[in-house]
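Here the sequence shown stands for residues 36 to 640, numbered as in my numbering.
Before any comments, here is the structure.
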Amino acid sequence: MSGNSDLLAAADYVVFAVVLLVSAGIGFYYAWKSRSHGTSRDFLTGGRKLSALPVSLSLTASFMSSVTVLSNPAEVYRYGAIFGYLCISYVIMVVFISEVFLPVFYRLAINSTYEYLELRFNRATRLMGTMIFCINALLYTGLVIYAPALALNQVTGMNLWGGIISTAMLCTLYCTLGGLKAVVWTDAVQIGIMFAGYMSVIIKSVILKGGISTILSDAQEGGRINFVDFDINPLRRHTFWTLVIGGTFGWSATYGTNQAQVQRYNSCKSVTNARLALFINALGLTCTLTSSVLSGLCIYSFYKDCDPWTAGQVSSSDQLLPYLVMDILADHRGLPGLFFAAVYSASLSTVSTSINALAAVTVEDLIKPCTNLSEKKLLLISKGLSLFFGVVCIAMAGLASLMGHMMQAVSVIGGVIGGPLLGLFSLGVLCPFANSKGGLLGLVAGLAAALCVTIGALISPSPPEMTRPLSLSTEGCNFTSGSSLNWTTALPTEPSPIITTPGQNTDDIRSLYWHTPSYLYFVVIGCLTSVIVGVIISLLTGGLRETVDPRLTLMKEDTLSYQLFKLVKDRVTRRTEKVDRSKQEDKDTNPTHVKFNNSVCVSAF
């Protein structure tokens, strides 16, 4: 693609430079601000002095990564706008986390989420949780570094590994210099850039198509407006139930057990600010998903008669949105740069989050318990670890290149690792009788179950009747040499997992294969297995006889719903008492019925 390096104008590179300078500048600012009185706690948690708004924006940016920016529109293009049902799971997740996990974590004021596992169960469980998180974070970070580097490579001819290294090193720079405060405020800026990139594509598409109604009409005709699908079959890729149930479990695992997210709402200056940050974050997630869905419909409206993926113009569906950007925005200098800055910002926000979280759990879970170092030395170690994990993330990006479709790869990784951890934390917070044996064995069983399902899905992918990709056409294609952005020469293929020999019945052979559930249910399987096994083992090993510190479990006084119920009840009680008191006063000041009875008695006498 070296011939396309001139497609981006000088203005586009200026936009890139501004994004990089702003991100690095925030890191330098917080490094200078805390140069004389910084501690490892301030570096890793922001000193618990942050307000709701920047934290909410950071929560949104942290896991709305380059995978979201590039893959979600492609998902809508191929499978329809039903993907938008994830909005419902965001709301359910935020309510659940706000009511169940947030009060416990904030009360304990822990720097590492996995410190809770030692307080509630034992050190072995804590160490296992920490190792699982580190594996998850490194794999996920490799994906989100690889995504924008690939997009830039395809569009501008930038060296792929040059893009990967620049992404990781920039994140490492401001994480090492400024800690969590730098990460949070950089995220807040980057989420704005992400939305600006999305809106540049959507607005230009609407203008070229003569209105949003044309885009929606094209989507309707192409079957992309497919919200009416309430099939309960768990093998289906996307239905209302898989997206809402699977999405709720998946996002609850992210916001309830992942160090990166817990570390953020724990950095708020009060539990009220932490709750407010979560609810504002739900609005941010919804806006981001809506932008993804609209972008996917825009792609279909432009390429409904000539699919670039089938026609071999792009090598992966994840490149469809960058392809559209260069198709419709190339004449507007600066706008392609804005979009790719948005992709880059999405990657920076997630990578910086992971680096900071990895440094935090390493210090809190692996170094502090084994040493007695001063705060100054711990601060230096924290910064050194940020640098180390930045280098490791570059290596993980190489592995990411082998993972195929990015969005599904992320969901699978989260399902295998996030589901069992969600089950373990749920056991600790919601089940006072759960003991260390039940927690540890439940976690192992959940990991085994999720891993088995994942391996089964790799060996025997879901057939088209379960995934139901929508039709794509190349009838309107009229490519001429040199007139199009030819990003690849290899046509995409989706090989069937079933190999037959002459005379064999395909249906009979298909019935022998593993029936793979929707990838969104992997996290549900891991979580429920962990909970069920944990409960059974705990009951069999005397869990009911053990006493647990009430601070480590959910108390009704912690929940917002209980506080609201109590408030309403108190008001109703006060109003009732006021009415009763008013009636009593009327009775005392106007005893008419008593006088009437006395007069009757006197006359009778």
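All C-beta atoms in this analysis are idealised placements derived from N, C-alpha and C, irrespective of residue type, glycine included.
Only a predicted model underlies this, so the values are computations on that prediction, with no experimental measurement involved.
Sequence-distant residues of the same chain with beta carbon closer than 6 Å to I226, five excluded per side: L92, T95 and A96
Host alpha helix (DSSP H) of Y597 (start-end): L595 to T624
As assigned by DSSP and simplified to three states, the class of C303: strand
Contacting residues, own chain, Cβ-Cβ under 7 Å from V464 (five flanking each side not counted): V135, F136, V139, T588 and L589
Nearest neighbour of K418, chosen from V104, A317, C206 and Y300 [CA to CA]: C206
Limits of the unbroken alpha helix (DSSP H) element including Q348: Run containing Q348: none; DSSP gives neither H nor E here.
Cβ separation of S100 and A381, assumed to be a contact under 8 Å, to the nearest whole Å: 5 Å
Contact under 8 Å by Cβ, G319 with G115: no
Beta carbon of P455 nearer than 8 Å to that of L475: no
Chain D within 8 Å of L318, Cβ atoms only: No chain D is part of this structure, which consists of one protein chain only.
Buried versus exposed call for D621 [16 or more other C-beta atoms within 10 Å across all chains shown]: exposed
Residues bridged to L85 (per DSSP): C303
Buried versus exposed, by CB contacts within 10 Å (16 or more), Q619: exposed
Burial state of S336, where buried means 16 or more other Cβ atoms lie within 10 Å: buried
Exposure label - D542; buried when at least 16 CB within 10 Å: With a pLDDT of only 47 at D542, under 50, the local geometry of the prediction cannot be trusted, and no value is derived from it.
The segment 350-370 in contact with the segment 153-172 per 3-pair CB rule at 8 Å: no
Proximal residues to R610 (C-beta, below 6 Å), its chain only, five neighbours per side dropped: none
Rounded straight-line distance, which links the Cα of S287 to that of D222: 21 Å
Closest Cα partner of S565 within the set D366, D615 and L462: L462
Pairwise C-alpha distance: V607 and S617: 15 Å
Under the three-state DSSP convention, the category V378 falls into: helix
Reference P498, options V614, P552, A469 and L401, closest by Cα: P552
Reference F131; option with closest CA among R310, L364 and G369: R310
Pick from G491, I228 and P504 that is closest to H273, judged by C-alpha positions: P504
Three-pair Cβ contact test at 8 Å for the segment 406-418 versus the segment 231-249: no
Cβ-Cβ separation, D362 to R161 (assumed contact under 8 Å), whole Å: Not really, about 51 Å apart at Cβ, beyond 8 Å.
Between the CA atoms of H550 and S495 - distance to the nearest angstrom: 8 Å
C122 and T345 closer than 8 Å at C-beta: no
Residues near P89 by beta carbon distance below 7 Å, same chain, minus five either side: V219, W220 and A223
Beta-carbon spacing of F374, V129 below 8 Å: no
Cβ-based neighbour list, N261, same chain, cut-off 6 Å, excluding 5 preceding and 5 following: G115 and I117
Same chain only: Cβ atoms within 7 Å of C185, ignoring 5 sequence neighbours per side: Before going on, a small fix: residue 185 reads as Leu here, not Cys. Cβ within range, chain order: L195.
Nearest-angstrom Cβ-Cβ length linking I572 and G477, presumed shorter than 8 Å: 7 Å
As assigned by DSSP and simplified to three states, the class of I260: coil
As assigned by DSSP and simplified to three states, the class of T551: coil
CA-to-CA distance, P357 to P530, given in whole angstroms: Any reading at P530 needs caution, since the residue's pLDDT is 39, under 50, leaving its predicted position unreliable; the model's value is listed next. Cα-Cα distance, rounded: 26 Å.
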